[in-house]
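Start counting at 1 in the sequence shown, then tack on 2, and there's your number in this note's numbering. Cβ coordinates follow ideal geometry from the N, Cα and C atoms, glycine included.
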Amino acid sequence: MTLYDGKKVAFLLALGATGLLGCVENRGSVTIVRNALPNPDCTVDTATSEFRSMGVLDLSETSFALGAPQYVMFPVLQNNLISTVDQGTGAELNVVEVLEARVDVDTGAAGAGLEPYRYAFPTFVTLMPGDSAALPVVVIPPQFATVLATNIQGDPDFQPIVRVKLKFLYQLGGRQIETHQIEYPVILCDGCLIRVGSYCDSGLYATVENQGNACSFAQDVAMDCCLDNGGGLVCPAQDTSSQ
3 MTLYDGKKVA FLLALGATGL LGCVENRGSV TIVRNALPNP DCTVDTATSE
53 FRSMGVLDLS ETSFALGAPQ YVMFPVLQNN LISTVDQGTG AELNVVEVLE
103 ARVDVDTGAA GAGLEPYRYA FPTFVTLMPG DSAALPVVVI PPQFATVLAT
153 NIQGDPDFQP IVRVKLKFLY QLGGRQIETH QIEYPVILCD GCLIRVGSYC
203 DSGLYATVEN QGNACSFAQD VAMDCCLDNG GGLVCPAQDT SSQ
């Protein structure tokens with residue numbers, strides 16, 4: 003059965019209404035709803051509908067000078083199963099345990115000569131029927147970002163797209179099942195997000211507009227940096243002209 007077989011899905015939903023869906027399962031039972039926008043403290047409010055449909059990852063030398071760049075997604079998972087307790091069974095049989103994220107990155111033009119990158123990212127959450135949760139997943143880890151950077155650095159105009167294919171493995175009633183797979187594009191660039199300006203005491207940074215991404219500094223959000231008197235990076239920029 004495929005996820006797109008409407009008649010069979012309808013039949014399984016009918017079984018769920020009689021409390022039998024704990025025994026018969028399809029991939030639509032747990033769905034990836036969206037890639038959420040995290041709050042400044044890197045948590046996600048699943049009650050909001052905000053999402054990001056495409057990412058950006060800066061693989062410039064500056065980003066590596068700040069640490070190990072990586073790309074983190076915040077996918078929201080939802081358990082669509084009907085509560086068996088509500089159906090009078092006395093026990094909840096439709097509790098879902100999410101075990102891991104399965105990541106497959108198609109490098110496209112960014113990975114000349116590279117094979118698609120595949121790995122499992124361990125994670126865990128328990129979802130009761132009707133519940134949803136956001137699970138941070140590192141879909142482009144630092145070691146892979148380092149490899150991709152060799153093809154990106156030195157050409158600011160080269161901004162290829164890699165395609166992250168993501169699905170989850172979950173457990174239900176002793177069975178391990180995969181969710182459907184989503185595809186999420188990420189633009190790679192050399193210096194499009196992290197911008198280094200003048201010295202921090204130049205008087206130019208009384209107001210710093212671009213504060214960067216608190217959850218993963220090299221992705222999605224622009225960040226202004228300045229130089230201390232020793233030439234070191236200060237990111238995000240801080241005004242020291244009055245000190």
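Secondary structure at V78: strand, using DSSP grouped into helix, strand and coil. F170 sits buried, since 16 or more C-beta atoms from the chains shown fall within 10 Å of its C-beta.
One Cα belongs to M75, the other to D133, and the distance between them is close to 19 Å. The shortest CA-to-CA distance from V139 to any of V105, G199 and Q183 is the one to V105. As a beta-bridge residue in DSSP terms, C227 pairs with V198.
The C-alpha of Q213 lies about 19 Å from the C-alpha of C191. Taking a C-beta distance under 8 Å as the contact criterion, G110 and R165 qualify as a contact pair.
Listed in chain order, the beta strand (DSSP E) elements of length 3 or more contained wholly in the stretch 97–163 are 98–108, 119–129, 134–136 and 139–142.
Exposed is the label assigned to P124, since fewer than 16 other Cβ atoms lie within 10 Å of its Cβ. By the C-beta criterion, the stretch 207–223 is judged to be in contact with the stretch 54–70, since at least 3 inter-stretch pairs fall below 8 Å.
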